[in-house]
Amino acid sequence: MDPVLSAIQMVINPEILLLLLAGVAGGIAIGAIPGLTATMAVAILTSFTFGMSAIEAIMVLLGIYVGGVYGGSISAILLHIPGTPSAIMTARDGYPMAKQGLAGQAIGISTTASFLGGMISVVFLVLGAPIISRFALKFSAPEYFALAIFGLSIIANVSGKSLLKGLIAAALGILLSAIGMDPITGIQRFTFNEMNLQTGLNFVPLMIGLFGLSEILQQLRNVENHVEVRQEIKNVVPSFSLLKRLSKVIVRSSLIGTFIGALPGAGGTIASFAAYNDAKQTSQHPEKFGEGIPEGVAAPEAANNATVGGALMPLLTLGVPGDAITAILIGAFMIHSLQPGPMLFRNNPEIIYAIYLGTALANIFMLIVGLVGARLFARAISLPNNILIPLILLLCIVGSYAVSNNYFDIGVMILFGIIGYSLDNLDVPMAPMVLGIVLGPMAETNLRNALIMAQGQVSVLFLRPIAAFFWVITIAMLLWPKLKKRWQARSQEVVTQE
């Protein structure tokens, strides 16, 4: 059967559509609660997809991904507390609009811009992914090793203020990925005669601990905190004239978000900052930004939701995560015996088309649920932490155990929850650790296979055209932050002299 028709049959199924809708609604609710993120939700709920088919699991997680990225804007607008990091810029103009009695309009703009940004990114995903995948089919071990190193070079962009701390986190991730069986010789490494470590650390409990339990431990500091929404939610659906006014900003921001999302490690936070800055610079009234201008809500929301389609592009075509959520999605794919990358296009094209269709439908559901359920979500974010935290902790424990019905995985989750909490307090970013865990095995296996293939000739890693291309990009990625600082310093000197 044609893979497109097969994908349509798989997705346009009442059960699948219901799962997708539930994922979107759950993602919005989780994203709207301050302190909870789409990353945390996907990490925890991945383990609950074990009993599902591959398509069911993918649709649920896609729904959570799309809904969670959007959901952060609700608390940003109503409470001035971004539900997710990518909603930080939304709060700058969304909250002032809410204080002016325009909370409903701000949520409507956020929802519509998020929908349009998501759909524009899906178009680029559908058009761009097959081209990249055909290019990626020419890869062998040297190219995959160069690609893995390119992925690891992103550490420079996701390390926050300290590159050293990012490198330490990445090194820890690579070390953790080495636990278990040697991929070439089969020798046990770092298992300490523990049977449960012979196949390596289970990815899902590890992620639940890093992103779920660690966040709970942070929230326990403020367990008595209780936030309440006082703004009245009305006039949620934006007018046609307002949408026409915002159309240029939404399109530009969507393109920015799609491009930044396709850069592994960039993510929605960077996209929302870039789009907000672009909207302000191109506006006829830049002085109104920060005071409650609709463009200040539309730009970051269109951008951070456009990163979803952008981030799926390197995931599906190269097997390289575009952000923390797609890094976790790699684990979800592997759970269901699917390996993201060029071979997925060859062996399971119907899954690729199902993801295209599912992402588009998830954005449609997000628009409907966001506009219809705005009042309901406003109430949900008022839950006190002393009710919310025990519920999330229960999900963490059950989710970790459900991976393989093994209490050892609960211990792994607790251990990495403590590690994640400690790293967070030390301002050590966790994104580089995730990159190390995901890309470490890819780099090691393909390095050794390439050297075996070339009978020990190291030049094979650098001289093949595609591998050389990735090495050039890697060097550029590493040099870019330093060059950018120099250019900024020079421009400041010129301004000072003038």
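Quick note on the UniProt record's numbering: the sequence shown kicks off at 1 and runs consecutively. Using N, Cα and C, we set each Cβ at its ideal position, and we do this for glycine too. All values reported here derive from a predicted model rather than from experimental measurement.
About 6 Å separates the beta carbon of Ile-64 from that of Leu-45, a gap short enough to meet the 8 Å contact definition. Proximity of the stretch 54 to 69 to the stretch 320 to 340 meets the contact definition, three or more beta-carbon pairs being nearer than 8 Å. DSSP, read as helix, strand or coil, puts Met-59 in helix.
Membership of Ala-87 in any alpha helix (DSSP H) is not indicated, and neither H nor E is assigned to it by DSSP. Between Gly-101 and Asn-363, the C-beta gap is not smaller than 7 Å, which leaves the two residues out of contact.
Counting along the chain, Met-343 sits inside the alpha helix (DSSP H) bounded by residues 342 to 347. Classified as buried, Tyr-353 has 16 or more neighbouring CB atoms from the shown chains inside 10 Å of its CB. In this structure, Ala-303 is the residue among Ala-7, Ala-303, Ala-106 and His-285 with its C-alpha nearest to the C-alpha of Phe-259. For Arg-252, the uninterrupted alpha helix (DSSP H) run begins and ends at 240 to 262, by DSSP. Counting the other CB atoms within 10 Å of its CB gives Phe-190 a total below 16, which places it among the exposed residues. For Asn-193, there is no enclosing alpha helix (DSSP H), as DSSP marks it with neither H nor E. Counting only the Cα atoms, Gly-309 lies some 15 Å from Ile-250. Annotation: Asn-386 to Tyr-95 spans about 26 Å, alpha carbon to alpha carbon. For Gly-370, the closest C-alpha among the options Gly-319, Ala-25 and Tyr-401 is that of Ala-25. Straight-line spacing of the CA atoms in Met-413 and Gln-218 works out to 16 Å. Remark: C-beta atoms of Gly-31 and Gly-209 do not approach each other more closely than 7 Å. Under the Cβ criterion (8 Å, minimum of three pairs), the stretch 447 to 460 does not count as touching the stretch 192 to 201. Excluding sequence positions up to five before and after Leu-176, its CB lies within less than 7 Å of the CB of Leu-201 and Ile-437, all in the same chain and listed in chain order. The beta carbon of Ala-468 is closer than 7 Å to those of Phe-462 in its chain, skipping five residues each way along the sequence. Arg-464 sits close to Pro-142, with the two beta carbons spaced by under 7 Å. Note on geometry: alpha-carbon atoms of Thr-90 and Gly-373 lie some 19 Å from one another. Rounded to whole angstroms, the Cβ separation of Leu-423 and Ala-171 is 13 Å, and the two are not in contact under 8 Å. Within a 10 Å sphere around the beta-carbon of Arg-490 sit fewer than 16 other beta-carbons, which makes this residue exposed. In the structure shown, Gln-219 falls within a helical segment according to DSSP collapsed to helix, strand and coil. Of the residues assessed, Asp-93 falls on the buried side of the cut-off, its CB having 16 or more other CB atoms within 10 angstroms. Around the beta carbon of Ala-311, a 10 Å sphere encloses 16 or more other beta carbons of the protein chains shown; the residue is thus reported as buried. Taking the Cα of Ile-325 as reference, the smallest distance to any Cα among Gly-186, Gly-261 and Ala-98 is reached at Gly-261.
Following the DSSP letters along the chain, one finds Leu-312 inside the alpha helix (DSSP H) bounded by residues 294 to 318. The C-beta of Leu-344 has 16 or more other C-beta atoms within 10 Å across all chains shown, which makes the residue buried.
Annotation for Ala-148: Leu-439, Met-442 and Ala-443 place their beta carbon closer than 6 Å to its own, counting only its chain and skipping 5 residues before and after. In the DSSP annotation of this structure, the continuous segment of the alpha helix (DSSP H) that includes Ile-325 starts and ends at 324 to 335. Here Gln-188 is bridged, per DSSP, to Met-181. The beta carbon of Ile-216 lies closer than 8 Å to those of Ile-389, Ile-392, Leu-393, Cys-396 and Gly-417 in the same chain, with the five residues before and after it left out. A direct Cα-to-Cα measurement between His-285 and Asn-406 gives close to 59 Å.
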